[in-house]
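Visitor:
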Amino acid sequence: MTKSEKSSLPNFRKIFTIIIIINILFLVERSVFDFFGFMFSMIIADIIYLIFLVIGLFGALQFRVNYVVSLTLTTLLWIAWNIFIICVYLNIGNLNRYDPVLLNLNTGRTSWWFTSSFSCKTEISSELEKLQIQEQLNLVRSIDDSTSSIKTQSYKINSLFLFNTDPKYKYLNRFIETNCLIPFHLVEIIHSGILILFGIFLIIFGLLLSNALNDEDDSFDYIGGFDTAHMLSQNYNLEQQQTLTRNAHIRLEPLYAPH
Numbered sequence: 002m003t004k005s006e007k008s009s010l011p012n013f014r015k016i017f018t019i020i021i022i023i024n025i026l027f028l029v030e031r032s033v034f035d036f037f038g039f040m041f042s043m044i045i046a047d048i049i050y051l052i053f054l055v056i057g058l059f060g061a062l063q064f065r066v067n068y069v070v071s072l073t074l075t076t077l078l079w080i081a082w083n084i085f086i087i088c089v090y091l092n093i094g095n096l097n098r099y100d101p102v103l104l105n106l107n108t109g110r111t112s113w114w115f116t117s118s119f120s121c122k123t124e125i126s127s128e129l130e131k132l133q134i135q136e137q138l139n140l141v142r143s144i145d146d147s148t149s150s151i152k153t154q155s156y157k158i159n160s161l162f163l164f165n166t167d168p169k170y171k172y173l174n175r176f177i178e179t180n181c182l183i184p185f186h187l188v189e190i191i192h193s194g195i196l197i198l199f200g201i202f203l204i205i206f207g208l209l210l211s212n213a214l215n216d217e218d219d220s221f222d223y224i225g226g227f228d229t230a231h232m233l234s235q236n237y238n239l240e241q242q243q244t245l246t247r248n249a250h251i252r253l254e255p256l257y258a259p260h
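Residues 2 to 260 (my numbering) are what the sequence shown spells out, left to right.
#1: Please state whether DSSP places Y99 in a helix, a strand or coil.
#2: Could you compute how far the alpha carbon of L196 sits from the alpha carbon of P11?
#3: Please state whether DSSP places F13 in a helix, a strand or coil.
#4: Is it buried or exposed for L26, if we count other Cβ within 10 angstroms and need 16 for buried?
#5: Just tell me which of F85, Y99, I19, N67 has its CA closest to the CA of N212.
#6: How would you call D216, buried or exposed, if buried means at least 16 neighbouring beta carbons within 10 angstroms?
#7: Compute the Euclidean distance between the alpha carbons of I80 and I201, then round it to the nearest angstrom.
#8: Once you ignore the five residues that flank F34 on each side, which residues in its own chain have a CB closer than 6 Å to its CB?
#9: Under 8 Å between the Cβ atoms of T314 and L203?
#10: Any idea what DSSP makes of L91, helix, strand or coil?
#11: State the Cα-Cα distance for the pair Y99 and T111, rounded to the nearest angstrom.
#12: For S32, which option in L187, F199, H192 has the closest C-alpha, if you only look at C-alpha atoms?
#13: Excluding five sequence neighbours on each side, which residues of the same chain lie with their C-beta closer than 6 Å to the C-beta of I16?
#14: Name the residue from F36, I52, T73, N92 whose alpha carbon lies nearest to the alpha carbon of I190.
#15: Which class does T18 belong to by DSSP, given the choice of helix, strand or coil?
#16: Can you tell me which of F39, F199, H186 puts its alpha carbon nearest to the alpha carbon of N105?
#17: Could you tell me whether the Cβ atoms of I20 and F185 are closer together than 8 Å?
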């Protein structure tokens, strides 16, 4: 490894660690609001990615290449997941932001920001209550008492995917865009966009750090495998000892006191 590559390793390691910490802070903040909204799929994904962030942080601190690579690969899936979340809240295709089945595991819950928006909390709650009552009445009238539970569940799921064509929810879309300063789906899109941005940074510096660590990984420990941390610590201690030796090597001259 060249001298410039050795000097870049601490910088990559420091930047990678900072990006992981920022990701953890944003992820914890998002997980809290996902928990308030009972978005169970998002909660599970948040917890899994948080575990890999901790593993990657440990890998950066202990010079473990495999841990850094595992976090980098997981971040690719994490970015894809957040792109899907953005598609849900943009109502792309038959996806429905008011009852995202794949995000709440068909519990009928939606984003916490839907009923807790910055400027239209009371109005949204009133309109939502009206729509929920009307939807329940329509559901009761449309399902025959003799239908099976499987057919009933299938009807519910299909109706959820057709919400975007329902005039009532088109009205709710217009109501939110007109009366809310920041619509709830825009808050969720911003959340996912920030996590995607930091995920891209994490992948870039994760690859740089992995490459720098691989260049150092040329010793084998028969018990623990490739012990990169031990090797790097030995190199660092050797450089420190050489520096101290050069600084401490002072030629002693005899002193003569005048009589």
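Beta carbons: idealized from backbone N, C-alpha and C, even for Gly.
Guide: If we stick to the structure as given:
#1: coil
#2: 25 Å
#3: Helix at F13.
#4: With fewer than 16 Cβ atoms within 10 Å of its Cβ, L26 is classed as exposed.
#5: N67
#6: exposed
#7: 8 Å
#8: W113
#9: As displayed, the chain neither begins before 2 nor continues past 260, which places residue 314 out of reach and without an answer.
#10: coil
#11: 6 Å
#12: H192
#13: F206
#14: N92
#15: helix
#16: Nearest C-alpha to N105: F39.
#17: no
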